[in-house]
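Numbering of the sequence shown is given in this note's numbering, commencing with residue 41 and proceeding in unit increments. Just so you know, even glycine gets a beta-carbon here, dropped at the ideal spot from N, CA and C. As the structure is a computational prediction, the values presented were derived from the model and not from experiment. The block underneath contains the structure these notes are about, expressed in structure tokens.
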Amino acid sequence: MRIVGMMSGTSADGIDAALCEIDGAPPKLQVRMIRALARPYPQPMRQRILDACRPETGRVDSLCRLNVDLAEAFASVALEVIAAAGLTPDQVDLIASHGQTVWHQVEADGHVSATFQIGEGAVIAERTGITTINNFRARDVAAGGHGAPLVSYADWILLRHPEHWRAVQNIGGIGNVTFLPPLTDSSSAPLAFDTGPGNVLIDAVVALLTGGAQTYDRDGQMARQGRADAAWLEALLRHPYYERRPPKTTGRELFTSDMAQSLLADGQARGLGPNDIVATMTALTAHTIADAYRRFAPAAIGEAVLAGGGSRNPTLVGMIASLLAPAPVLTHEALGIDSDFKEAMIFALLAHETWHNRPGSLPALTGASHPVVMGQITPGRNFPRLTGRA
Ligand SMILES: Nc1ncnc2c1ncn2[C@@H]1O[C@H](COP(=O)(O)OP(=O)(O)O)[C@@H](O)[C@H]1O
Ligand SMILES: [Mg+2]
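The structure is reproduced here in structure tokens:
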């Protein structure tokens, strides 16, 4: 099937779209990316998303409109990637849209009671004519799971190493890891959870420090010129989230831009300059990842494979590599997968599985009581052809 997968993550930096050709069934699922593109949000749209993610600034009327306006943006990016591939919408079978998470409700005992992704499927199906699957996380949450990390199921299908345990680490707004047993090991289960902040705190302090002129630490330049403050870092690592046992997930609800305000004040009170503050935030992400491996990896890791925007930050990657040494740290390119579009591609894969009435999750990964077939299907004009009921 030809499927457009689309993702907008907690960074709220923009929409990633990947048009993929997907065939077969697990464990022999074949995925080929035909064309991919990323469209950053214009600043006002990004601000509307960030406002929607905070109870202090989110409003139901704004949320209601954003649900539709974001879907319009998703629909046009879908049409754009299809055109860029030299195809027409009637040559595409499905659209898979993760949408934008605005809230992920983690209760005090760590279980997830609700999660909310917006970007109305009806609008996407209406504008493109293509049958659309969205709202992937809700069913897993309904089955008692965290609704996350969803990418891990595809890691399990696609990325197990023949002989050694592999850590597949995404560094988006939040960091998440999947520990995968080797193919030779048929008895061990994979394990996945959110490691903590990925880029979210780095981005937020950079935005504050530059008065909004920069939204992230491009190529890790600020962090590279600064020095992480050891005492402050140690204090930050005492956040209770890091010790909590997996399965566990988090989001902007715990690691917020408000947190960045007070972090900045802390750093300044410690007499640190802007680069040192950014370096400390970068070290926090690196240490939380390495600590999570030490605490929770089911076995010694043969290698770590990074994806997501954080894998484009050489200062962050360098810190992670030195903390995980001697285990090598690679990016997904080493496995023939584009790091930037991995998540978009994987939502295409999950939609493919949903269409074939197969689950897209494992209880070991999300904590649900059973594997679930995920998402909601909105029929497009191609629905009769897809179902053979033309
Ligand atoms: N060249 C780069 N240098 C440093 N950081 C980068 C670079 N490219 C991307 N990033 C970081 O990656 C983030 C976006 O990552 P992404 O994987 O899209 O996250 P999400 O899934 O949360 O949207 C940006 O906000 C930025 O922090
Ligand atoms: Mg993104």
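Rounded to the nearest whole angstrom, the C-alpha separation of Arg429 and Thr296 is 48 Å.
Taking all protein chains shown into account, Ala344 has 16 or more neighbouring C-beta atoms within 10 Å of its C-beta and is therefore buried. In the DSSP assignment, Ile360 forms no beta bridge with any residue. Not one heavy atom of ligand 2 is found less than 8 Å from the C-beta of Ser379. Using a Cβ distance threshold of 9 Å, Thr371 and Ser362 do not count as a contacting pair. A check of alpha carbon separations from Ala52 across Asp243, Trp395, Ile377 identifies Asp243 as the nearest. Counting C-beta atoms within 10 angstroms of its own C-beta, Asp259 has fewer than 16 neighbours from the protein chains shown and is therefore classed as exposed. If you check the C-beta of Ser48 against ligand 2, you find a heavy atom less than 8 Å away. The continuous beta strand (DSSP E) containing Cys60 extends over residues 54-65.
When DSSP reads this structure, Asn210 sits in a beta bridge with Asn216, Ala347. A heavy atom of ligand 2 is found nearer than 8 Å to the CB of Gly349. For Leu426, same chain residues with a beta-carbon under 7 Å away, outside a window of 5 residues either side, are Asp133, Thr171 in chain order.
Comparing alpha carbon positions, the residue from Val357, Val318, Pro366, Leu346 closest to Ala340 is Pro366. Apart from the 5 residues on each side of it in sequence, Ala115 sits with its Cβ closer than 7 Å to the Cβ of Val163, Ile164, Arg167, Thr168 in its chain, given in chain order. Where Arg285 is concerned, there is no enclosing beta strand (DSSP E), because DSSP gives it neither an H nor an E. A direct Cα-to-Cα measurement between Leu103 and Phe156 gives close to 11 Å. In this structure, the straight-line span from the alpha carbon of Pro67 to that of Tyr281 is close to 34 Å. Under the three-state reduction of DSSP output, Ala78 falls in the strand class. Contact between the segment 138-155 and the segment 395-404 is absent, with fewer than three C-beta pairs closer than 8 Å. When the beta-carbon positions are compared, Cys60 and Leu389 come within less than 9 Å of each other.
Here DSSP, grouped into helix, strand and coil, assigns His186 to coil. In the three-state DSSP reduction, Arg105 falls in the helix class (H, G or I). Per the C-alpha coordinates, the member of Thr406, Ala384, Pro399 positioned closest to Leu77 is Ala384.
The closest heavy atom of ligand 2 lies 8 Å or more from the beta carbon of Gly307. Excluding five sequence positions before and after Leu405, the CB atoms of its chain that fall closer than 8 Å to its own CB belong to Pro189, Ser192, Tyr193, Trp196, Thr218, Pro230, Leu231, Ala232, Pro287, given in chain order. The nearest non-hydrogen atom of ligand 2 is 8 Å or more from the C-beta of Gly260.
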